[in-house]
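Take a look at the structure set out below.
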Amino acid sequence: MIFVTIAIVTGASSGLGREYAKLLDEENVGEIWLISRHERTLQKTAEQLKTKSRILPLDLTRPSSYSLFADVLREHHPVVSYFIHAAGFGRMGSTAAMSERDTAGMIAIHCHAAVSLTTAVLPYCQRGSHIVEICSCAAFQPLPYLAVYAACKAFLLRYSRALAEELKPEGIFVSAVCPYWVKDTAFIATAKETDQQNRFHHYIFAGNRERIARRSFRQIRRGRVVITPDVISTLHRISSGILPQSFLIWISRFFR
1004 MIFVTIAIVT GASSGLGREY AKLLDEENVG EIWLISRHER TLQKTAEQLK TKSRILPLDL
1064 TRPSSYSLFA DVLREHHPVV SYFIHAAGFG RMGSTAAMSE RDTAGMIAIH CHAAVSLTTA
1124 VLPYCQRGSH IVEICSCAAF QPLPYLAVYA ACKAFLLRYS RALAEELKPE GIFVSAVCPY
1184 WVKDTAFIAT AKETDQQNRF HHYIFAGNRE RIARRSFRQI RRGRVVITPD VISTLHRISS
1244 GILPQSFLIW ISRFFR
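Just add 1003 to wherever you are in the sequence shown, counting from 1, and you've got the numbering used here.
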């Protein structure tokens, strides 16, 4: 039986997910599986790749998508060389004013989907495989008016670090990528839709998606566990290990 070596990217229709798909196109994999709920834009990503692509139009806020994904893996029984969970969204504004749909959606895609999909791919990984969870430097501290998003990313970061230690004896690498704002994706515009008081005014030092993806991918290939691919996220990580959380919460207003 011939096992096809594949890479899987969630959130592959745009943003960092699309950039990672392009980088994986240069790797020696037989197929790239692209996951997003936006089938039409997912097709555009596939058209940009030389590697054979498989499109899986799944809405990862819906638990039914997780079992469908697991079914496809069982059907094809591939070797998963890379699994990159880049799907996600955020919402800015008062937590009390946040809709249940938005809150549940963030928890589903950043926590439930990340764990369920990662668990599904583990039987198909081998020594040298990479599991990558796209977190955020928001994971390093509580963030008022970005409370649920930051809490979800904190969960994802800690999950990734623990999983990395568990899988180390098997030679499977786990990385958590924690960038600062990325200016040329839909994330900021989408997140601001719920910021009724306009609490977030500027995004100084925001990064470029291609640069962030390329820098982080180099470290992913080296097996780094926590990756901060820009200056601000690196400083944030260092300061969060030194300064009191109360001070970090107070100073976060200057980044809004």
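All C-beta atoms, glycine included, are put in the ideal place defined by N, C-alpha and C.
Under the DSSP definition of a beta bridge, LEU1238 lacks any partner. Under DSSP, no beta-bridge partner is assigned to PRO1182. Considering only PRO1066, LEU1071 and THR1064, the residue with the shortest C-alpha distance to ILE1058 is LEU1071.
Two segments are said to touch when three or more pairs of C-beta atoms, one from each, lie closer than 8 Å; by this definition the stretch 1035 to 1052 touches the stretch 1016 to 1024. GLN1144 sits close to GLN1248, with the two beta carbons spaced by under 8 Å. Taking 8 Å as the cut-off, the Cβ atoms of ALA1089 and ILE1134 do not count as close. When the five nearest sequence neighbours on each side are left out, the beta carbons in the same chain lying within less than 8 Å of the beta carbon of PHE1006 are those of HIS1080, PRO1081 and VAL1082, in order along the chain.
Ranked by how close their Cα comes to the Cα of LEU1149, the residues SER1163, LEU1052, GLU1034 and THR1106 have THR1106 in first place.
By the C-beta criterion, the stretch 1111 to 1120 is judged not to be in contact with the stretch 1215 to 1232, since fewer than 3 inter-stretch pairs fall below 8 Å. Put simply, the backbone Cα of GLY1108 is about 14 Å away from that of TYR1069.
For PHE1158, there is no enclosing beta strand (DSSP E); the residue is part of the alpha helix (DSSP H) that begins and ends at 1150 to 1170. For TYR1085, the uninterrupted beta strand (DSSP E) run begins and ends at 1082 to 1088, by DSSP. The continuous alpha helix (DSSP H) containing THR1048 extends over residues 1042 to 1050. LEU1063 places its beta carbon 8 Å or farther from that of ALA1015. TRP1253 is classed as exposed because its beta carbon has fewer than 16 other beta carbons within 10 Å across all chains shown. No Cβ-Cβ contact shorter than 8 Å links ILE1011 with VAL1180. Comparing C-alpha distances from ALA1142 to each of ARG1161, ASP1028, TYR1127 and PHE1208 shows the shortest one belongs to ARG1161. For THR1122, the uninterrupted alpha helix (DSSP H) run begins and ends at 1116 to 1124, by DSSP. Taken through DSSP and simplified to helix, strand or coil, GLU1029 comes out as coil. Contact annotation: ARG1227 and SER1178 have beta-carbon atoms nearer than 8 Å.
With contacts defined as CB atoms closer than 8 Å, PRO1147 and SER1243 fail to qualify as a contacting pair. It is roughly 9 Å from the alpha-carbon of SER1139 to the alpha-carbon of LEU1159.
HIS1113 and GLY1091 have their C-alpha atoms spaced approximately 6 Å apart.
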